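Asks: Residue numbers (the numbering used here), protein chains in the order written: chain W, 1 to 116; chain V, 1 to 114. No residue lacks a Cβ here, since even glycine has one placed at the ideal position from N, Cα and C. Just so it is clear, the structure is predicted and the values come from calculations on it, not from any experiment. Have a look at the structure that comes next, please.
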């Protein structure tokens, strides 16, 4: 049971290049999320998918697109990378049904992206 | 406008003593509050949460207190252990259209000294 996996772990891009960050979960969760974390800041929500077939914008969606490929996989695409998108990207998933006291999101290990 | 704030970037505590991490929020619509722990080069891991209708939740060495009138919550770790050294994030949750939207604070780096 791997939980949430992300690929790649590290990536360096040049300004204007495109790439897709991959995320998969094996916990049969309905909801999946993409966050970015910048130095001195908490995680900020980029996009989320409440269930297979739906996606919605979060707090900082500009410059990104997402695809919920199936229940397991949720990808994040940068069409034309900019230096401001240098960050650590985390994918997370959660169960649709909450249990009192344990209603957490489960996070992947992150992708460290540098845009030159 | 930062809805969730952790005003202490760092905290240093002696092993065996109590660690108290603080968090303030501005939006009364949050329905749950969560604490996450993060080690370098890893994703955040869940520690403990509390419903907005409660004022205390305890899980082993970890206790979270919620003061709704002050819009303030705190995480107590007793006794503190060296393995507790990490960055701690407070997060506030709203359940919207089937998804749990989290708003995170900036984090507090906790160092436990032997």
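(1) Who pairs with residue 113/V in a beta bridge, going by DSSP?
(2) Answer yes or no: does any C-beta atom of chain W fall closer than 8 Å to that of residue 101/V?
(3) Since residue 35/V contacts residue 48/V with CB under 8 Å, what's their CB separation in whole angstroms?
(4) Note down the Cα distance separating residue 67/W from residue 12/V, rounded to an integer number of angstroms.
(5) Does chain W have any CB closer than 8 Å to the CB of residue 25/V?
(6) May I ask which residues mark the beginning and end of the beta strand (DSSP E) holding residue 24/V?
(7) Express the C-alpha separation of residue 56/V and residue 96/V in angstroms, rounding to a whole number.
(8) Using a Cβ cut-off of 9 Å, which residues of the stretch 41–70 of chain W contact any Cβ in chain V, in chain order?
(9) Which of the three DSSP states, helix, strand or coil, is assigned to residue 6/W?
(10) Near residue 66/V, what residues of its chain come up, given a Cβ to Cβ distance below 6 Å and the 5 sequence neighbours on each side ignored?
(11) What is the DSSP secondary structure of residue 69/V, reduced to helix, strand or coil?
(12) Specify the secondary structure class of residue 84/V as computed by DSSP and reduced to three states.
(13) Residue 26/V: which of 6/V, 43/V, 18/V, 42/V sits nearest, CA to CA?
(14) Under 8 Å between C-beta atoms, does residue 104/W make it to chain V?
(15) Please check if any C-beta of chain V sits within less than 8 Å of the C-beta of residue 109/W.
(16) Using a C-beta to C-beta distance shorter than 9 Å, which residues of chain C count as neighbours of residue 98/V?
(17) Return the residues of the stretch 28–39 of chain V that lie within a Cβ-Cβ distance of less than 7 Å from chain W, sorted by chain order.
(18) Express the C-alpha separation of residue 38/V and residue 103/W in angstroms, rounding to a whole number.
(19) Measure from the alpha carbon of residue 22/V to the alpha carbon of each residue in 112/V, 105/V, 113/V, then state which is nearest.
(20) Taking Cβ-Cβ distances below 7 Å as the criterion, which residues of the stretch 74–94 of chain W are in contact with chain V?
Replies: This is what the structure holds:
(1) 14/V
(2) yes
(3) 5 Å
(4) 42 Å
(5) no
(6) 19–25
(7) 24 Å
(8) 41, 42, 43, 44, 45, 48, 49, 50, 51, 54, 56, 58, 59
(9) strand
(10) 50, 55, 73
(11) coil
(12) helix
(13) 6/V
(14) yes
(15) yes
(16) The structure shown has no chain C; the protein chains it does contain are W and V.
(17) 32, 34
(18) 18 Å
(19) 105/V
(20) 90, 94
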